[in-house]
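**Q**
There are 2 protein chains.
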Amino acid sequence: MAKILASKNGTKKDAITQKAAGLFRKKGFASTSMRELAESIGVEASSLYNHIGSKNELLQTVCFKVANDFTVSLTEVEKKAVSTVTKLKEVIGFHIEMMLNNHDEVYVANHEWKQLREPFLSNFLLQRNSYEGRLVEIIKTGIKKKELKNIHPNIAVLTILSAVRSVEFWQRKKNNINSKELESNIIDHLINGLIK
Amino acid sequence: MAKILASKNGTKKDAITQKAAGLFRKKGFASTSMRELAESIGVEASSLYNHIGSKNELLQTVCFKVANDFTVSLTEVEKKAVSTVTKLKEVIGFHIEMMLNNHDEVYVANHEWKQLREPFLSNFLLQRNSYEGRLVEIIKTGIKKKELKNIHPNIAVLTILSAVRSVEFWQRKKNNINSKELESNIIDHLINGLIK
DNA sequence: GCATTAAACTAATAAGTGTTAGTTTTGCAA
DNA sequence: TTGCAAAACTAACACTTATTAGTTTAATGC
Chain A
1271 MAKILASKNG
1281 TKKDAITQKA
1291 AGLFRKKGFA
1301 STSMRELAES
1311 IGVEASSLYN
1321 HIGSKNELLQ
1331 TVCFKVANDF
1341 TVSLTEVEKK
1351 AVSTVTKLKE
1361 VIGFHIEMML
1371 NNHDEVYVAN
1381 HEWKQLREPF
1391 LSNFLLQRNS
1401 YEGRLVEIIK
1411 TGIKKKELKN
1421 IHPNIAVLTI
1431 LSAVRSVEFW
1441 QRKKNNINSK
1451 ELESNIIDHL
1461 INGLIK
Chain B
1271 MAKILASKNG
1281 TKKDAITQKA
1291 AGLFRKKGFA
1301 STSMRELAES
1311 IGVEASSLYN
1321 HIGSKNELLQ
1331 TVCFKVANDF
1341 TVSLTEVEKK
1351 AVSTVTKLKE
1361 VIGFHIEMML
1371 NNHDEVYVAN
1381 HEWKQLREPF
1391 LSNFLLQRNS
1401 YEGRLVEIIK
1411 TGIKKKELKN
1421 IHPNIAVLTI
1431 LSAVRSVEFW
1441 QRKKNNINSK
1451 ELESNIIDHL
1461 INGLIK
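Each protein sequence line maps, in turn, to chains A and B. Letter by letter, the first sequence follows residues 1271 to 1466 of my numbering. Letter by letter, the second sequence follows residues 1271 to 1466 of my numbering.
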């Protein structure tokens, strides 16, 4: 009869969601059972339902929290009066730091969104398409301003968004590598491939 | 009582494996049931077991086929008497073409390997670590020969291996984009970020 | 036509799934 | 100390899971 201890400054629901994100990342959403999740907390499976609505709701919470964080950050960057290159650097930097600081959640949003149910699935994809579209616009502006080479903007965006996921692998290797070094290497690699 | 039609130049097991790869990609390994797989073929689930050993064996077949293809290709590239840059371009090109021509299989190997059971899981990771290590060596050579900037080789390798996965997204968008254009854009982006 | 074999079928098993109902315990406020 | 609500518990439901056993059908070689 252990109690679910609420994480600092968070509800018990938050504590469950956090544990769930960890398990979903390690084992995958479908391969994680509510009994496993409950056990990792030290409670019976049915007790979880005093705090959450359903297993799928946990996934929704994780995915949309992440999606929202990225959207908000991008909006901030768009507002700034800086060069395209600076904007891109900030976006890439934010992705890398999100993956370093919210590893489980970002990983789950990246890998398990397929398991979302409608209408959440469509909603999630819509939000991501919008995000990508706004990045494409930034790059188009950069080309127009001759800051960037005349590359295909859509390809560049997807290349960048894929490349930043390399941080996932560094987590896997329990890297003792310096975070800042990691970040600056990736940014340089991706930006130097774009600028004139 | 429909029969499993063997795909051209392949056994019935191959036909099942191919269908399985498609479903595993679309829905994930754990979320795909043998009944679904059977139905997609037009047969009862138990009938599959006349041809295959287990559900997990299907995943093993897919993952190790892909891993082997990459290993063989890399060995070929290593043998060639060409510059580091050319070698890297060929490796990147091979990744992109594999994803275009064997979309389901490569996707499954990239996303569902976690569901492999021991000892296959360890084996798979070993093979991938070895692959990454050999790419690191190529880059180290390129730095020594002053073909490449003095970047961190491990970071560069993971950035490249992540970036090539952007091809996944193009499949998702049923792109009408030219394959060659896609390939050359990605190669340029990644290589230009590395060379002096 | 007959024997053999490949490969389908039906039926069942044992385990695991998310989730609900109903009950008991716990901790706090009055 | 009592009353109440939060949150734990046990037990069960209704399915679904991969897989096996045993049987029947279809195709092949002689």
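Where a beta carbon is used, it is the ideal one built from N, C-alpha and C, also for glycine. The model shown is predicted, which means the values in this text are computed figures rather than measured ones.
Please state whether DSSP places A:L1418 in a helix, a strand or coil.
**A** It is a strand residue.
**Q** Does the distance from the CB of B:T1354 to the CB of B:G1412 come in under 8 angstroms?
**A** In this structure, B:G1412 lies closer than 8 angstroms to B:T1354 by Cβ.
**Q** So the candidates are B:K1297, B:V1313, B:S1316, B:A1337; which of them puts its Cα closest to the Cα of B:F1390?
**A** Nearest of B:K1297, B:V1313, B:S1316, B:A1337 to B:F1390, Cα basis: B:A1337.
**Q** Can you look up B:N1455 in the DSSP assignment and give me helix, strand or coil?
**A** Helix.
**Q** Only counting the same chain, and skipping five residues up and downstream in sequence, which positions put a Cβ closer than 6 angstroms to that of A:I1430?
**A** Result list for A:I1430: L1460, in chain order.
**Q** Tell me where the alpha helix (DSSP H) around B:N1380 begins and ends.
**A** Here the alpha helix (DSSP H) through B:N1380 covers 1373-1381.
**Q** A:K1357 and A:I1467 - do their beta-carbons sit closer together than 8 angstroms?
**A** There is simply no residue 1467 of chain A to check, as chain A begins at 1271 and stops at 1466 in what is shown.
**Q** Helix, strand or coil, according to DSSP, for A:E1314 in the structure here?
**A** Three-state DSSP puts A:E1314 in coil, outside helix and strand.
**Q** When you compare only the Cα positions, how much space is there between A:M1271 and B:S1436?
**A** Confidence at A:M1271 is low in this model, with a pLDDT of 49, below 50, so the placement of that residue should be treated as unreliable; the coordinate-derived value is given next. Using only the alpha carbons, I get a separation of about 47 angstroms.
**Q** Quick check: the Cα distance between B:S1317 and B:A1308, rounded to an integer number of angstroms?
**A** So the alpha carbons of these two residues sit roughly 8 angstroms apart.
**Q** Distance check for B:G1363 and B:I1457, CA to CA, integer angstroms please.
**A** Computed Cα separation, rounded: 7 angstroms.
**Q** Suppose the cutoff is 6 angstroms on Cβ atoms and the five residues either side in sequence are ignored; what does the same chain contact list for B:L1405 look like?
**A** Same-chain partners within the cutoff: V1427.
**Q** Could you check which residue in B:R1305, B:I1366, B:N1455, B:K1289 has the C-alpha nearest to that of B:T1331?
**A** Residue B:K1289 is the option with its Cα nearest to B:T1331.
**Q** Could you check whether the region 1412-1423 of chain B touches the region 1370-1384 of chain B, counting it as contact only if at least three pairs of C-beta atoms, one from each stretch, sit closer than 8 angstroms?
**A** The region 1412-1423 of chain B, when compared against the region 1370-1384 of chain B, does not touch it at the 8 angstroms Cβ threshold.
**Q** Using a Cβ-Cβ distance under 8 angstroms, would A:T1429 count as near chain B?
**A** Yes, because at least one Cβ of chain B sits closer than 8 angstroms to the Cβ of A:T1429.
**Q** Output the distance between the C-alpha atoms of A:E1314 and A:W1383, rounded to the nearest integer angstrom.
**A** The straight-line gap from Cα to Cα measures roughly 27 angstroms.
**Q** Please classify A:M1271: does DSSP put it in a helix, a strand, or coil?
**A** Note on A:M1271: pLDDT 49, under 50, position unreliable in the model; the coordinate value appears next. Coil at A:M1271, not helix or strand.
**Q** Relative to the alpha-carbon of B:W1440, which residue among B:N1424, B:S1400, B:I1366, B:Q1385 has its alpha-carbon at the smallest distance?
**A** Ranking B:N1424, B:S1400, B:I1366, B:Q1385 by Cα distance to B:W1440 puts B:I1366 first.
**Q** So A:W1440 contacts chain B; which residues on that side make the cut at Cβ distance below 9 angstroms?
**A** Result: N1424, I1425, L1428.
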